[in-house]
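Visitor: Residue numbers (my numbering): 12 to 207.
1) So, using beta-carbon positions, are residue 70 and residue 118 closer together than 8 Å?
2) Mind checking who residue 41 pairs with in its DSSP beta bridge?
3) For a test of the three-state rule: what should DSSP assign to residue 150, helix, strand or coil?
4) Assess, as a yes-or-no matter, whether the segment 146-153 is touched by the segment 21-41 under the definition of 3 or more beta carbon pairs within less than 8 Å.
5) For the ligand HEM, I want to know if residue 187 counts as a neighbour, meaning its beta carbon is within less than 7 Å of at least one of the ligand's heavy atoms.
6) For the beta strand (DSSP E) holding residue 199, just list the boundary residues, first then last.
7) Report the partner residues of residue 71 according to the DSSP bridge assignment.
8) Leaving out five residues before and five after residue 225 in sequence, what residues of the same chain have Cβ atoms less than 8 Å from its Cβ?
9) When the Cα atoms are used, what is the spatial distance from residue 134 to residue 205?
10) Quick one: what's got a C-beta closer than 7 Å to residue 53's C-beta in the same chain, skipping five residues either side?
11) Does DSSP put residue 12 in a helix, a strand or coil?
12) So the candidates are 141, 86, 140 and 45; which of them puts its Cα closest to the Cα of residue 59?
13) Output needed for residue 50: all residues of its chain with C-beta closer than 7 Å, excluding positions within five of it in sequence on either side, in chain order.
14) Between 161, 188 and 168, which has its C-alpha nearest residue 143's C-alpha?
15) From which residue to which residue does the beta strand (DSSP E) around residue 107 run?
16) Helix, strand or coil: how does DSSP classify residue 83 here?
17) In angstroms, rounded to a whole number, what distance separates the CA positions of residue 112 and residue 122?
Right, dumping it as structure tokens:
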């Protein structure tokens, strides 16, 4: 049961996502010590939860230096009103993750969020140009699905180091993003209040 005094922080992503890391930074910067993270996966679901008072604030990715604008976030902002509390950048390091024992040469497909795939375009073109790239709703959700056997065992996923640790996946290669300083712009948002 959740404590009503706790700040409910919604995030666009699952446990182990980069949005979760950004949410922890946001809470620390704003002195929010007693919080509960609520994993809402998509930007639309996050903004809907804010609108319905299911969460007090939320964190969502807006743009990445390599991957560009996060289209799902732009579309969600067009549908829901919110107050932007803060815009901040977080450095994102992408890792290639696989089930324990998987070798790079045995990978048959690579799964991740379209943003993560875009951030690793050069690496993927050099190493997996003949393999399918499969879009997922979230990097961490893809890692969880691989760990649970919901994705073929010869697939790899792109996600954070934390995803690998959290879901028992092996880090096959780290730092596969094309830009060394792979900055992502995140928004901290809360409910829109009309001026009176």
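The beta carbon of each residue, even a glycine, is placed where N, CA and C say it ideally should be. In this text, all values refer to a predicted model and were calculated from it rather than measured experimentally.
Guide: Short version:
1) No, the Cβ-Cβ distance between residue 70 and residue 118 is not below 8 Å.
2) The partner list for residue 41 (beta bridge, DSSP) is empty, contrary to what the question assumes.
3) For residue 150, the three-state secondary structure derived from DSSP is helix.
4) A contact is defined here as three or more CB-CB pairs under 8 Å, and the segment 21-41 meets this definition with respect to the segment 146-153.
5) The ligand HEM is absent from the structure shown, which contains no ligand whatsoever.
6) For residue 199, the enclosing beta strand (DSSP E) begins and ends at 194-201.
7) According to DSSP, which records beta bridges pairwise, residue 71 is partnered with 198.
8) Any answer about residue 225 is impossible in this case: the structure gives the chain only from 12 up to 207.
9) Spanning the alpha carbons of residue 134 and residue 205 requires a straight line of approximately 46 Å.
10) Excluding sequence neighbours, residue 53 sits near 23, 83 and 148.
11) Confidence at residue 12 is low in this model, with a pLDDT of 40, below 50, so its placement is unreliable and the value that follows should be read with caution. In the displayed model, residue 12 falls within coil according to three-state DSSP, outside both helix and strand.
12) Checked all of 141, 86, 140 and 45; the closest Cα to residue 59 is 86.
13) Excluding positions up to five away in sequence, the list reads 22, 24, 25 and 26.
14) Residue 143 has its Cα closest to that of 168, out of 161, 188 and 168.
15) For residue 107, the enclosing beta strand (DSSP E) starts and ends at 106-109.
16) If DSSP states are grouped into helix, strand and coil, residue 83 belongs with the helices.
17) Between residue 112 and residue 122, the C-alpha separation is close to 18 Å.
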